[in-house]
Structures are given as C-alpha cells and as structure tokens.
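Everything below concerns the one structure shown next.
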Amino acid sequence: MVPEIASRLHFDKIIEVVKNIGLDKIKDVDFISVTTHPGLPGSLVVGKTVASLLSSYFAKPLVHVNHIYGHLFSLLLERNISDIQFPLVVLTASGGHNDIYVVNNYEL
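In structure tokens form, the structure reads like this:
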C-alpha cells in the first residue's frame, strides 16, 4: 500500500512542481532529465510521463538518469566542478537503502 500512496503523491505534486518552476524558465534549459531506475514503478512512470511531455513540448533532449547517481552528483548543482576534489566518499541514506560510495571522477 505504501508504494501506491507514494505514486499518488508523486502524481499530485508533480504538476505543482512544474507550475512553481514556470514554463517560461523550462524553455531556457538545455535538456530534461528524469529518473528511470531504481525506484517505485508507479512513481517512475509519473516522472517519465511528465518529463517526456516537457521534452516533447519544448523540443529538448530527454536524459535518463539513474536515481542513485542523481543523489551522488546532486552536489554539482550549486558548485563549480573545479572546486570539488576527487575521490569523494558519499553516503546515501533512505528508508529503502543506505550505501557508501567512492566516486573517483565524473563524466558528462
């Protein structure tokens, strides 16, 4: 039942998230990314559906992202890559998994 509730919440909240970002800002991005695995199937479908629609509407490439890699590299969102010294030790902690990773480098 919990996965079902999570999927419904994703569905309920994703439109609100898109509205908060603003369609005028989305047109300025280079690509649309979406988590494709691992994750709850219902939640992944919601995300992929909305990302695919945005990608198609704005004619932006759709980039599939591993959920865990998204967590690992989210630190790059507000930092210059030149300020980060590799290797990194990264802890991901959640209800479903807790892991420690060593990240030696990155490649776009």
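Each residue of the sequence shown is one higher than the one before, counting from 5 in the numbering used here.
C-beta: ideal position from N, C-alpha, C; glycine also.
Item	Value
Can you tell me whether Thr39 is buried or exposed? The criterion is at least 16 other CB atoms within 10 Å of its CB, across all chains shown.	buried
On a Cα-Cα basis, can you pick out the residue from Asn70, Leu66 and Pro45 that is closest to Ser56?	Leu66
Mind checking Leu80: buried by the 16 CB within 10 Å criterion, or exposed?	exposed
Under DSSP, the beta strand (DSSP E) around Ala97 begins and ends at which residues?	Leu92 to Ala97
Could you tell me the distance, in whole angstroms, from the CA atom of Glu82 to the CA atom of Ile88?	11 Å
With a 10 Å radius around its C-beta and 16 neighbouring C-beta atoms as the bar for buried, classify Leu47 as buried or exposed.	It should be noted that the sequence gives Ser, not Leu, for residue 47. Its Cβ being crowded by 16 or more others within 10 Å, Ser47 is buried.
Could you pull out every residue in the same chain whose Cβ sits closer than 6 Å to the Cβ of His14, ignoring the five residues on either side in sequence?	Ser47 and Val50
Which residues bound the beta strand (DSSP E) around Asp4?	In this structure the chain extends from 5 to 112, so residue 4 is not present and cannot be described.
Can you name the start and end residues of the beta strand (DSSP E) that Asn24 belongs to?	Unbroken run through Asn24 is the alpha helix (DSSP H), Val6 to Ile25; no beta strand (DSSP E).
Would you report the Cα separation of Val54 and Pro91, rounded to the nearest angstrom?	35 Å
List the DSSP bridge partners of Val69.	Thr39
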